[in-house]
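Just below is one structure, and these are the notes that go with it.
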Amino acid sequence: MAGRYLHALAQTGLPELLPAVLHLLESQVCPRCCLRLVNSRSAYDAAAPTNPELTSAIRQSLAGTAGTTAAAVSPSPTALPVPSVAACSTAAQLQQQGPQTPAAALDTSTQAYPQPAGSLLAELPHAAGEGQARQSIPAEAPAQEGTALSEATVQQQQPGIDGSASTAVENFAGSETGSHQQPQASGSANESRQEPAAAASSMQQQAQKGGEADNPYCSICLGVMQSVEGHVGTAASNTLLKKFSKDDNSPGIWTSLGQCTVDAIAQAIRAEGHECSSIAAEVSLPGSIAAREHSMLQHAASRGHSVLARARTCNLKEAVKLMLFAPLAAALGKRLDQDAEVRVGVLFLHPETAHETESLMGGPPSRLPGKRKRGQTQASRRSQTGRVLTEGIISKAAAASHEDLEEICGYPPALPTQACSMAVRCRRTSCFVAGRYRKLRRDISNSQWMIDGARKGTTSVEEEIANILVPALRADGMKFNSAGREDIDALMLGTGRPFIAEILNARSGMPPLEHFQRLQQQLLEAATGVEVLHLKGASKDICKLLKDGETSKQKSYRVLCELPREVQPTDFEALSSVAELVLAQFTPQRVAHRRALLERERTIHTLAAEGVPDHPRHLLLRLRTQAGTYVKEFCHGDESRTKPSLTSLLSCNLPIKVLELDVTEIHMDFP
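Those letters in the sequence shown? Residues 1 to 671, per UniProt numbering, in order.
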């Protein structure tokens with residue numbers, strides 16, 4: 001690819017980019033990162049718009065060779081082919097000759113690259129059809145400037161793997177070669193013309209060591225692009241993935257990838273078994289890439305390659321998506337849609353450079369706060385995984401000086417000794433099921449309740465509902481949210497309490513209403529003491545409806561009380577006149593450990609009382625209250641924290657006891 005790109009640059013009339021590309025290659029930047037970083041506008045006119053043909057060719061080159069297996073791409077263990085001295089010398093000659101260079105000379109520049117048999121580079125530029133394309137263009141015949149290459153032409157000219165990009169660039173070169181005159185080079189340009197010789201010398205030394213660089217990993221992308229091509233790959237360990245999931249608080253289960261190929265990712269996705277017609281693409285990259293890319297660009301500019309600073313670079317995340325997700329969607333038979341519920345994430349982690357991101361965001365490791373474990377450096381004390389690349393990290397890197405970048409990652413960036421670890425995740429965004437539940441036993445809590453490692457109650461409403469919804473939707477779990485909660489010793493009767501179940505990573509799509517009705521019957525037949533009604537799928541907007549109802553709804557209760565004396569006829573007369581009674585309730589003692597100590601106004605809308613046969617001291621209350629009213633505290637007074645109380649209204653000298661309390665209705669239009 002490096003040979004082809006040098007060849008294409010010369011033909012497109014952009015010879016000033018050759019020393020910049022050679023500088024990147026010498027700095028151990030992989031060819032695909034060179035594609036991303038090289039300026040895509042004319043070197044002769046900085047104000048000119050981006051060349052659409054070259055941009056199209058670059059995008060096709062980025063997207064065209066993501067193989068389904070590593071063997072389909074290259075058997076070579078490294079993705080960094082090193083140009084020979086002859087190649088660099090020829091490239092320098094091409095630069096000096098300008099865009100009028102005959103096609104024969106261009107051919108020599110590419111033949112000079114030693115390529116392993118079976119690799120992509122071995123096919124370039126002699127892929128089937130390329131020779132005829134060059135021969136059809138007179139070597140020195142000028143063409144009309146600005147001739148455009150249609151997208152259809154690009155798609156038709158596909159001689160082989162990545163051949164469409166090469167042919168597109170060559171045809172574009174045929175229309176532009178000879179139409180530009182190279183301007184007089186400035187002093188800095190003259191200096192940059194000597195760069196290929198220096199690059200050739202360095203690359204010759206590398207070639208003498210075996211034809212490959214000592215370190216095969218790209219100093220910018222940390223082997224990401226090489227991993228996508230299938231040249232290198234390291235599976236992320238389970239320990240590393242658990243650490244990342246904990247730090248990132250990200251849902252879903254990551255699966256390690258030994259090779260980041262379309263086949264490997266597709267196999268992992270099929271194993272998850274999500275039902276869907278479309279997928280969305282997500283790529284997570286090491287945050288240290290931002291500092292490394294800016295360090296390389298600043299260093300190149302300081303060596304006279306300011307053309308890179310003006311480049312409209314292709315974002316690394318976009319490049320990975322171009323290379324992976326179009327063929328992945330085709331392999332899975334799905335559509336690519338960024339709004340899809342099912343999201344396929346590819347994760348690259350690079351623990352070796354994790355400290356670089358921390359230094360960029362919070363100062364150099366020497367200034368990081370906190371204690372250090374014995375034998376542990378400040379850098380290794382930081383997260384083993386590092387932060388993923390975000391807009392904030394990119395902005396921070398762009399604003400860093402070269403002194404800061406040198407301290408963070410090197411200037412130019414130091415070579416990594418390891419490639420990125422890789423993992424893939426397929427998950428569905430949360431879906432929601434709404435309904436109402438009834439609780440028919442007094443030993444069931446709202447959610448699982450543990451005290452000192454011991455369970456309180458026999459089961460919980462949340463667990464019983466999860467037992468039917470999670471298997472039915474083949475989900476990883478469920479989050480439960482209800483419109484308030486009753487005490488463990490209280491029943492929930494009537495039409496039930498509204499709730500929402502957030503289903504985590506459901507592999508099945510939302511079932512029809514008939515399926516939910518079968519689930520309701522299944523729970524009813526289990527006789528667990530929990531019933532569900534009106535189950536149905538819902539949108540996320542219903543969460544706001546449930547939240548708003550917490551303060552606006554009204555509740556009805558049935559309370560069995562015991563007075564410290566026998567019930568008198570005057571007691572019924574005193575209570576019959578109670579309506580819209582406003583209470584002042586200070587935070588009850590029983591919940592003071594988890595609620596703010598405040599005085600709240602609550603309203604008793606209606607109150608009715610009746611005696612209990614054969615129990616002269618018992619009183620049965622039926623009342624309707626504002627949401628948030630502490631009904632037990634209204635009955636006994638909570639040592640005067642609630643005023644007025646039933647105890648004070650009936651002029652009892654001792655607190656009234658609450659024997660049983662049931663919620664008979666939640667007055668709320670839901671779901």
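Positions of the beta carbon are idealized from the N, C-alpha and C atoms, including for glycine.
Contiguous beta strand (DSSP E) elements confined to the segment 518-575 occur at 530-538 and 554-562, taking only those with 3 or more residues.
In the three-state scheme derived from DSSP, where H, G and I count as helix and E and B as strand, Asn238 is classed as helix. Distances from the CA of Val530 to each of Val461, Ala538 and Ser306 were compared; the closest alpha carbon is that of Val461. Among the bridge pairs identified by DSSP, Phe586 is matched with Glu599. By the Cβ rule, the segment 446-454 does not count as touching the segment 541-552, because fewer than three pairs are nearer than 8 Å. Around the Cβ of Thr647, a 10 Å sphere holds 16 or more other Cβ atoms; the residue is buried. In the DSSP assignment, Ala266 falls within the alpha helix (DSSP H) that extends over Val262 to Glu272. Here the segment 507-525 makes no contact with the segment 481-498; the two share fewer than three CB pairs at distances below 8 Å. Its Cα nearest to that of Arg303, the residue Ala20 stands out among Ile220, Pro413 and Ala20. Thr551 places its beta carbon 8 Å or farther from that of Glu665. Residue pairing by DSSP places Asp662 opposite Leu491 and Arg558 in a beta bridge. The shortest CA-to-CA distance from Leu415 to any of Glu406, Lys553 and Asn505 is the one to Glu406.
Annotation for Arg617: the continuous beta strand (DSSP E) segment containing it runs His615 to Gln626. Across the structure, Ser284 and Val344 are spaced so that their CA atoms are roughly 11 Å apart.
Taking all protein chains shown into account, Ile500 has 16 or more neighbouring C-beta atoms within 10 Å of its C-beta and is therefore buried. Under the DSSP assignment, Cys431 falls in the beta strand (DSSP E) whose first and last residues are Cys431 to Lys439. In terms of Cβ geometry, Ala281 and Leu336 form a close pair [threshold 8 Å]. Distance from the CA of Lys317 to the CA of Leu257, rounded to the nearest whole angstrom, comes to 18 Å. A contact is defined here as three or more CB-CB pairs under 8 Å, and the segment 227-245 meets this definition with respect to the segment 418-427.
Take Ala266, set aside five residues on each side of it, and the residues of its chain with a beta-carbon closer than 7 Å to its own are Leu328, Ala331 and Leu332, in chain order. Residue environment analysis places Thr261 among the buried positions, since at least 16 neighbouring C-beta atoms fall within 10 angstroms of its C-beta. Pro569 is not a Cβ neighbour of Asp638, given a cutoff of 8 Å.
Around Glu660, the same chain offers Leu560 as residues with beta carbons nearer than 6 Å, after the five sequence neighbours per side are excluded. For Asn467, the enclosing alpha helix (DSSP H) covers residues Val461 to Leu473.
When DSSP states are grouped into helix, strand and coil, Phe244 belongs to the helix group.
The three-state reading of DSSP puts Thr353 in helix, counting H, G and I together. Close CB contacts of Gln585 within its chain, under the 6 Å cut and outside five residues either way in sequence, are with Arg600, Arg602, Tyr630 and Thr642 (chain order).
Judged by DSSP secondary structure, Glu282 falls within the beta strand (DSSP E) whose first and last residues are Ser278 to Ser284.
C-alpha of Ala235 to C-alpha of His355: approximately 21 Å in a straight line.
Nearest in C-alpha terms to Asp662, of all of Thr417, Ser640, His534 and Arg622, is Arg622. Here the alpha carbon of Ile279 sits roughly 21 Å from the alpha carbon of Gly537. Contact annotation: Arg428 and His274 have beta-carbon atoms nearer than 8 Å. The Cβ atoms of Ser277 and Lys334 sit closer than 8 Å to each other. Bounds of any beta strand (DSSP E) do not take in Lys632; it lies within the alpha helix (DSSP H) bounded by Val631 to His636. Within 10 angstroms of the beta-carbon of Ile444 lie 16 or more other beta-carbons, which makes it buried. Nearest in C-alpha terms to Ser245, of all of Leu440, Thr625, Pro613 and Phe348, is Phe348.
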